[in-house]
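First residue of the sequence shown? That's 820 in this note's numbering, and the numbers climb one at a time after it.
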Amino acid sequence: MRVTFLLALLVVPPTAFAQGARLDNSDDPRINVGATRMIRLVPDRVTLHFLVEAGGDAPAEALRKVGLKVDAVTAAIRQAGAPADAMVSYPYGLTPAPNQNSLSNMVGQVTHVARHVVRVQLSKMDQVIPLSAAAMTAGATSTALPILEASSADSARRVRYPEVVAAARADAMALAASLGGSLGPLVSVSSNNFQDNAFSNNQLQFSNNFSYGGSIPVPEVRLSITVNLAFKFIPR
């Protein structure tokens, strides 16, 4: 007969996220434990995305105009201090212009809108505002929220591993003792890491309205570290 005992522990020091332990009471009983810690890092790299739009009375005209705008925006960004190899532009789409009224398709009216996105990667956070201003002045339509990174993420994670492993082992020992037994050899170990960056998303949202007047995500990089350990359980 298989019996499973579940014990969930919640730890809330400043750097703790959650941890838990479980006794697997099979023919070869094991104690499975997991511990998680959250690291908050100061970002030192940032990626910016600028939307560039242009309209025309035909698809080719819209593409020609957006190309000129992209050239002006990228030139302004380079002049503001961004390295040429840190910037790339790519087509974002060509669509019919929204019909505002029945005259929108007349000759000379804008019938198509072409879009490009200019992507800039920076290693200096203080360049965000000057480069954004240069891009908008040169003709960029809008910008998305910055995507933040921390170059110290890997080293910070490795430094915290001993703490997380110690926490998981302590939980395993406490669970074994509460059941009147002790820990046996370590059977398995695994780690799961997740970077939870509120400013990072695989979807870009552009707006030319002032939308930052309320709450915004904290400008930091959050990294969670989870270690899972499995020990043999030795009953007394």
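Each residue gets a CB set at the ideal place from its N, CA and C atoms; glycine is no exception.
- Query: Using the beta-carbon count (16 or more within 10 Å), is F1013 buried or exposed?
  - Reply: exposed
- Message: Using a 10 Å radius around the Cβ and a threshold of 16 neighbouring Cβ atoms, would you call D990 buried or exposed?
- Response: buried
- Between S970 and R864, which are expected to be in contact by the criterion C-beta below 8 Å, what is the C-beta distance as a whole number of angstroms? 6 Å
- Message: Given this structure, state the Cα-to-Cα distance separating A987 from I858, to the nearest angstrom.
- Response: 17 Å
- Inspect the CB distances between the region 928-939 and the region 861-880 and report whether three or more fall short of 8 Å. yes
- Query: Counting Cβ pairs closer than 8 Å, one from the region 963-983 and one from the region 888-899, do we hit at least three?
  - Reply: no
- Message: Pull the bridge partners of S961 from the DSSP assignment, please.
- Response: L870
- If you compare alpha carbons, which of D945, V939, K884, P848 is closest to A954? Closest by alpha carbon: V939.
- Same chain, Cβ closer than 7 Å to A916, neighbours up to 5 away in sequence not counted: G874, S923, V929, T930, H931, V932
- Message: On the DSSP letters alone, give me the boundaries of the alpha helix (DSSP H) that P915 sits inside.
- Response: That residue, P915, is in no alpha helix (DSSP H); its beta strand (DSSP E) goes 906-915.
- Message: Among the candidates A905, A957, P902, whose CA atom is the shortest distance from the CA of L870?
- Response: A957
- Range of the contiguous alpha helix (DSSP H) that encloses K943: Unbroken run through K943: none, as it is neither H nor E.
- Query: On the three-state DSSP scale, how would you describe S974?
  - Reply: Shown here, S974 sits in a helix according to DSSP, grouped into three states.
- Looking at S1010 and T1045, is the spacing between their C-beta atoms short of 8 Å? yes
- Query: Where does the unbroken alpha helix (DSSP H) through G999 begin, and where does it stop?
  - Reply: First-last for G999: undefined, no H or E at that position.
- Item | Range of the contiguous beta strand (DSSP E) that encloses G853 | 849-860
- Query: Among V1006, S997, P981, which has the Cα closest to the Cα of R856?
  - Reply: P981
- Rounded to a whole number of angstroms, what is the C-alpha to C-alpha distance between P1038 and D847? Whole-angstrom Cα-Cα distance: 48 Å.
- Query: My guess is that A899 and P949 are in contact by the Cβ rule of under 8 Å, so how many angstroms apart are they, rounded?
  - Reply: 5 Å
- Message: Helix, strand or coil, according to DSSP, for A901 in the structure here?
- Response: coil
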